[in-house]
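Enquirer: First to last, the sequence lines map onto chains A and B.
Okay, so the first sequence: first residue is 9 according to my numbering, each after it adds one.
Okay, so the second sequence: first residue is 109 according to my numbering, each after it adds one.
By construction, the Cβ of each residue, glycine as well, lies at the ideal position given by its N, Cα and C atoms.
Got a structure for you, questions after.
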Amino acid sequence: MTSAERDWRGFLFVAPFLLLYALILVFPLFRGFWLSFNQVDIFGDGHFVGLANYVELAADPIFTTSLVNTFIVTLMIVPVLTVLALLLAIALNNAGRGAALMRGIFFSSAVLSVTIVTLIWRFVLAPDAGLLGELWQAFGWQPLGFLSEPHLVLPALAITTIWWSLGLPMLLFLAGLQQIPQDMYEAAALDGADRWTTFWRITVPSLRRTLVLVVMLQTAAQLQMFGQAQLLTGGGPGGASRTTVLFLFESAFGRWELGYAAAAAEILFLIILAVTLTQYWATGRTPGAAHGR
Amino acid sequence: MRLSLELRSIQKSFGETKILDDISLNLEAREFIAFLGPSGSGKSTLLRIVAGLETADSGEVWLDGERIDQLPPGERGVAMVFQHYALYPHMSVRENMAFGLRNAKVPKDEIDRRIEDAARVLEIDHMLDRKPAAMSGGQRQRVAIGRAIVKHPRLFLLDEPLSNLDAALRLRTRVELAQLKQKVDAAVIMVTHDQAEAMTLADRIVVIDDQRIQQVGPPMEIYSRPANIFVAQFVGSPAMTLAPGKLLNGDGEFARVKLGDGSTIETRVRREALPNNAPLRVGLRPEAVRVGGDNQATTKAKVDLVERLGERTLVYARLADGQPITAEDEGYSQVRIGDEVPLRIDGGSAHLFGPDGAGYHGVEA
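Written out as structure tokens, the structure reads:
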């Protein structure tokens, strides 16, 4: 058997996957890219318009507001979510049965669908009958209109999302914590490190790669926020909670401006790519190092 | 004589399992002690109790006249070298060594000076800015030792320090540890299951088994006057032959013992020291049983296995009654498996063990 033949046969083994991959990932990717240079509606093939969609987007205040909203909500969610998940993981990182139960409870929200999550939080956040409203009233305060006040809808989205997304980062941190060898903590104890020093000088640096992973995954996820915004607030009031993906959903399937929506999607794609790559580079991009001991 | 470490009646159980039962021990200043025992004997637990990583159920730990068992590990004045080094992977060598000193609020220039000194002694001064991942096992070992030295501890604790090194490096590091011991002004406790390490490094060996100290003494005393059957079998390689023996009546000063094959051994163990009418076991180190010397032979045996070590040959054989016995022959031995060979047992080096396992040894000739 010649080596060329061997190569060809090897290709057969991966062909089923490659075919599917090309069909549902690569093709739509390029199709979307191409669409963004066309004016397309549901009735025809459309025609090539060059960069017109992009130029129009840059001047579209609804689009730029949606980008700002998306960034704000991402900035609200990612740091809080990361710190909360880390603290929870540290608190629940022991072998007791109580801790196992709590891990299960905290992870359970992650298996719910976005529909149920937003339903739950609609009940919690509703000012007249919701849980938070009742609480506020018990203190004798005026209930906050989380879903109707423009400056409160993004925090409402953030709270809902944090509650929903806490499980996975917590699990990642738990896995990371379990990778830290016990004798390193013993060495730190003999080195006279107090709990604070041990946390900052041993635990956090040992979790660095998990931290980077969690922040990158969550940033990419929150920049694509859609379901919560669509179901909890519908992007309102007055577009105050319209995220970029909600914007492109409305453009594509509300007004059937497929080329325009595709261009918005390309811009968001590039932004996510740039942000996550920046994070990756900024944090030292040294997977595999720092592993000897 | 100044005492360094004192252990007073240490007890420790994990749940229902007793690990250490009434351990008491004194270390002299600058003494190098080896805790020797099989895995599961409790020797590592004892070390961790001294370090403060485990708490004893009862008993006291004193160091240089100060009771330390209530103190946290970092305030006990002890430094430990872990079996797997436990270096901080995200810190450079310098930071690894400085970490404990910074926590102890040692002034910066003092920290630098101590690190430079230790690094020079350990010959790692050119890699102070490396991370542990970029170093070999032997180099990491040195960093771990350096991290202990810079603290100027009153007591060094070494947990199986050589077990992670390959054979060649282990020998070299053993020599280096012996040299290091001369340079540091502190007592050292080393935990090991390797009797050769304990024999070569320690001033005194503490043999631990079955939750208790079996014997404490200088290496050659442990080797030549084992307190009981466990120590006799555990120390020395290959292990001492143990054969049932019968004390022969007589009125001599020293005991005469008959082995199962009918041959007799003239020991130099005082008859009056032995328990009356009790079954005995005879302990024979390989060097006390020589192959050959037809006219001086005391018995003969059939050869099971021949192990050539170069300067000497070990012969594993069976006496006429089937009793296994390990004998020694010269390097160029003609003995082959299946041969019947004459053996000359040196009764003067024979040990006797009573029914309770206690050892009785010959008086020096």
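(1) Would you kindly report the start and end of the unbroken alpha helix (DSSP H) that includes Q249 of chain B?
(2) Checking 8 angstroms against the spacing of the C-beta atoms, do F257 of chain A and S74 of chain A come in under that value?
(3) Terminal residues of the continuous alpha helix (DSSP H) containing S152 of chain B?
(4) Since E183 of chain B meets chain A, which of its residues come closer than 8 angstroms, beta carbon to beta carbon?
(5) Where do the N-terminal and C-terminal ends of the beta strand (DSSP E) with P432 of chain B fall, by residue?
(6) Taking 7 angstroms as the cut-off, is the C-beta of D447 of chain B nearer than that to any heavy atom in the ligand FMN?
(7) Using the C-alpha atoms, what's the distance from R416 of chain B back to L180 of chain A?
(8) Please compile the residues from chain B whose C-beta is within a distance smaller than 8 angstroms of the C-beta of A197 of chain A.
(9) According to DSSP, simplified to helix, strand and coil, what is M298 of chain B?
(10) Below 8 angstroms, how does it come out for the segment 394-409 of chain B and the segment 445-454 of chain B: are there three or more Cβ pairs, yes or no?
(11) Comparing the C-beta of G150 of chain B with each C-beta of chain E, is any distance below 8 angstroms?
(12) Quick check on T483 of chain B: does DSSP put it in helix, strand or coil?
(13) Taking its Cβ as the centre, do 16 or more other Cβ atoms sit within 10 Å of L413 of chain B, making it buried, or is it exposed?
(14) Please report whether the beta-carbon of H198 of chain B lies at a distance below 8 angstroms from any beta-carbon of chain A.
(15) Pull out every residue of the segment 196-228 of chain B whose Cβ sits closer than 7 angstroms to any Cβ of chain A, in chain order.
(16) Using a Cβ cut-off of 7 angstroms, pull out every chain B residue sitting near T205 of chain A, in sequence order please.
(17) According to the Cβ coordinates, are A363 of chain B and G467 of chain B closer than 8 angstroms?
(18) To the nearest angstrom, report how far apart L195 of chain B and V201 of chain B are at their CA atoms.
(19) Under 8 angstroms between beta-carbons, which chain B residues line up against I210 of chain A? List them in chain order, please.
(20) Would L350 of chain B and G400 of chain B qualify as a contact pair, given that the criterion is a beta-carbon distance under 8 angstroms?
(21) Which term fits W264 of chain A, buried or exposed, when burial requires 16 or more other beta carbons within 10 angstroms of its beta carbon?
(22) I believe T90 of chain A touches V161 of chain A by the beta-carbon criterion, under 8 angstroms. Please report the beta-carbon distance rounded to the nearest angstrom.
(23) Report the start-end ranges of each alpha helix (DSSP H) in the segment 91-142 of chain A that is 4 residues or longer and not cut off at the edges.
(24) Taking Cβ positions, are T153 of chain B and I176 of chain B nearer each other than 8 angstroms?
(25) So which of B:V365, B:V314, B:L263 and B:G455 has the shortest CA-CA distance to E472 of chain B?
(26) Applying the 10 Å Cβ sphere with the 16-neighbour rule, what's the burial state of A409 of chain B?
(27) Start and end of the beta strand (DSSP E) containing T421 of chain B?
(28) Can you confirm whether the segment 283-290 of chain A touches the segment 136-156 of chain B when touching is taken to mean that 3 or more C-beta pairs between the two stretches lie within less than 8 angstroms?
(29) At 4 residues or longer, and completely inside the segment 247-292 of chain A: list those alpha helix (DSSP H) runs for me, N to C.
(30) Let's see if you can read the secondary structure: which residues bound the alpha helix (DSSP H) around W5 of chain A?
(31) Shorter than 8 angstroms from the beta carbon of M298 of chain B to some beta carbon of chain A?
(32) Rounded to whole angstroms, what is the Cα-Cα separation between Q232 of chain A and T252 of chain A?
(33) Is any beta-carbon of chain A found at less than 8 angstroms from that of M188 of chain B?
(34) Examine the Cβ distances between the segment 213-224 of chain A and the segment 212-226 of chain B and report whether three or more of them are shorter than 8 angstroms.
(35) Please go through the segment 158-193 of chain B and give each complete alpha helix (DSSP H) segment of 4 or more residues, from N-terminal end onward.
(36) Would you give the residue range spanned by the alpha helix (DSSP H) that D369 of chain B belongs to?
Expert: Straight from the coordinates:
(1) For this step, residue 249 of chain B is matched to residue 141 along the second sequence. From DSSP, the alpha helix (DSSP H) with Q249 of chain B extends over G245 to I257.
(2) To locate residue 257 of chain A, count along the first sequence from 1; it is residue 249. To locate residue 74 of chain A, count along the first sequence from 1; it is residue 66. Contact: no.
(3) Here residue 152 of chain B is taken as the residue at index 44 of the second sequence, counted from 1. Residues K151 to A159.
(4) Against the second sequence, residue 183 of chain B aligns to sequence position 75. Under the 8 angstroms cutoff, chain A gives G200.
(5) Within the second sequence, the letter at position 324 stands for residue 432 of chain B. P432 of chain B -> beta strand (DSSP E) spans P432 to E438.
(6) Absence of the ligand FMN from the depicted structure is noted, as is the absence of any ligand whatsoever, leaving it without description.
(7) Start at 1 with the first residue of the first sequence, and residue 180 of chain A comes out as number 172. Start at 1 with the first residue of the second sequence, and residue 416 of chain B comes out as number 308. Going from the Cα of L180 of chain A to the Cα of R416 of chain B covers about 56 angstroms.
(8) The count along the first sequence starts at 1 and reaches residue 197 of chain A at position 189. G160, L161, P180, P181 and G182, listed in chain order.
(9) In the second sequence, counting from the first residue as 1, residue 298 of chain B sits at position 190. Note: M298 of chain B maps to strand in three-state DSSP.
(10) yes
(11) Included in the structure are the protein chains A and B, with no chain E among them.
(12) Residue 483 of chain B lies beyond the stretch modelled for chain B, which goes from 109 to 473, so this question has no answer here.
(13) Along the second sequence, one-based indexing puts residue 413 of chain B at 305. Counting Cβ neighbours within 10 Å, L413 of chain B comes out exposed, since fewer than 16 surround it.
(14) One-based indexing of the second sequence puts residue 198 of chain B at position 90. Taking Cβ atoms only, chain A reaches closer than 8 angstroms to H198 of chain B, which makes this a yes.
(15) Y196, P197, H198, F207, G208, N211 and A212
(16) Taking the first sequence and counting its residues from 1, the one referred to as residue 205 of chain A is at position 197. In chain order: N211.
(17) One-based indexing of the second sequence puts residue 363 of chain B at position 255. One-based indexing of the second sequence puts residue 467 of chain B at position 359. It is not a contact, given that the beta carbons lie outside the stated cut-off.
(18) To locate residue 195 of chain B, count along the second sequence from 1; it is residue 87. To locate residue 201 of chain B, count along the second sequence from 1; it is residue 93. Whole-angstrom Cα-Cα distance: 9 angstroms.
(19) Start at 1 with the first residue of the first sequence, and residue 210 of chain A comes out as number 202. Under the 8 angstroms cutoff, chain B gives Y196.
(20) As a position in the second sequence, residue 350 of chain B is number 242, starting the count at 1. As a position in the second sequence, residue 400 of chain B is number 292, starting the count at 1. In this structure, G400 of chain B does not lie closer than 8 angstroms to L350 of chain B by Cβ.
(21) Mapped onto the first sequence, residue 264 of chain A falls at position 256. W264 of chain A should be labelled exposed.
(22) For this step, residue 90 of chain A is matched to residue 82 along the first sequence. For this step, residue 161 of chain A is matched to residue 153 along the first sequence. Contact doesn't hold; Cβ gap of about 23 angstroms is too wide.
(23) 105-116 and 122-133
(24) In the second sequence, residue 153 of chain B corresponds to position 45, counting from 1. In the second sequence, residue 176 of chain B corresponds to position 68, counting from 1. No, these two residues do not count as a Cβ contact at 8 angstroms.
(25) Counting from 1 along the second sequence, the entry for residue 472 of chain B is found at position 364. Of B:V365, B:V314, B:L263 and B:G455, the residue nearest in Cα terms is B:G455.
(26) Your numbering for residue 409 of chain B matches position 301 in the second sequence. Buried, because 16 or more other Cβ atoms sit within 10 Å of the Cβ of A409 of chain B.
(27) Translated into the one-based positions of the second sequence, residue 421 of chain B becomes position 313. Start and end: R420 to L427.
(28) no
(29) 252-261 and 266-290
(30) Outside the displayed span of chain A (9 to 301) sits residue 5 of chain A, for which this structure offers no information.
(31) Numbered from 1 along the second sequence, position 190 holds the residue referred to as residue 298 of chain B. For M298 of chain B, the answer is no, since every Cβ of chain A falls outside 8 angstroms of its Cβ.
(32) Here the question's residue 232 of chain A lines up with position 224 in the first sequence. Here the question's residue 252 of chain A lines up with position 244 in the first sequence. Rounded to whole angstroms, Q232 of chain A to T252 of chain A spans 7 angstroms at the Cα level.
(33) Along the second sequence, read from residue 1 onward, the residue named residue 188 of chain B stands at position 80. M188 of chain B counts as touching chain A.
(34) no
(35) none
(36) Sequence index remark: in the second sequence, residue 369 of chain B carries index 261 (1-based). Segment: none, D369 of chain B is in no alpha helix (DSSP H) and carries neither H nor E.
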